[in-house]
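Below is one structure; the comments refer to it alone.
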């Protein structure tokens, strides 16, 4: 037997070992893939739970909050991300835009103008709280409220333990002037971020 020839020929053990080694690599790769998929699904599930608990995405379907929120339910309307986290730790504040549910189960977004314990009236389009005219933030200087419904001129409306909401465009808004003040438990969250369309992306103006 020629030793030079046999020295370079693979043995039967080597031939059996190489497929076994290849199979182990495949198995390790599959195990890693399963782990990645498991972790990805866990992160996705956690993200869904966080979204359901803390956020809500809604389309603006009317012009009652223009120019802050714009829409008519057609393509190009604002899509707004509302967050609930703030109200886990504090009460809603004046000038914040809040999403709430009306008594007839409609979900709307309006601006808080008066809070529990206050009374509100209008003078020359400006809110008067407990007989004192409230200064409107500079970023909301365009607001000019129409005296309609329960806010006819010089008539005060008590809030009791509820919140009084007005739309920014009060000529085209069905709000607390007609529905009355809104209870805290009806609020779904604070309008926080316009996420669509791209030209409108930004934080919601709350003064």
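In the working numbering, the protein residues as written are -6 to 200. Virtual Cβ for every residue (Gly too), placed ideally from N, Cα, C.
- Here DSSP, grouped into helix, strand and coil, assigns residue 44 to helix.
- One Cα belongs to residue 88, the other to residue 137, and the distance between them is close to 14 Å.
- DSSP places residue 32 within a helical segment (H, G or I) once states are collapsed to three.
- Residue 88: not part of any beta strand (DSSP E); DSSP gives it neither H nor E.
- Sorting 71, 76, 94 by C-alpha distance to the C-alpha of residue 48 places 76 at the top.
- Around residue 164, the same chain offers 139 as residues with beta carbons nearer than 8 Å, after the five sequence neighbours per side are excluded.
- Residue 178 and residue 35 have their C-alpha atoms roughly 32 Å apart.
- The C-beta distance from residue 85 to residue 78 rounds to 13 Å, too long to meet the 8 Å contact threshold.
- Remark: fewer than three beta-carbon pairs, one from each stretch, lie closer than 8 Å, so the stretch 141 to 150 and the stretch 23 to 39 are not flagged as touching.
- Under DSSP, the beta-bridge partners assigned to residue 150 are 113.
- Within a 10 Å sphere around the beta-carbon of residue 157 sit 16 or more other beta-carbons, which makes this residue buried.
- Put simply, the backbone Cα of residue 25 is about 11 Å away from that of residue 18.
- At least 9 Å separates the beta-carbon of residue 70 from that of residue 166.
- For residue 167, no beta strand (DSSP E) run applies, since DSSP gives it neither H nor E.
- With respect to the 9 Å criterion, residue 188 and residue 45 are not classified as neighbours on the basis of their beta carbons.
- Apart from the 5 residues on each side of it in sequence, residue 64 sits with its Cβ closer than 8 Å to the Cβ of 52, 53, 54, 55, 56, 70, 71 in its chain, given in chain order.
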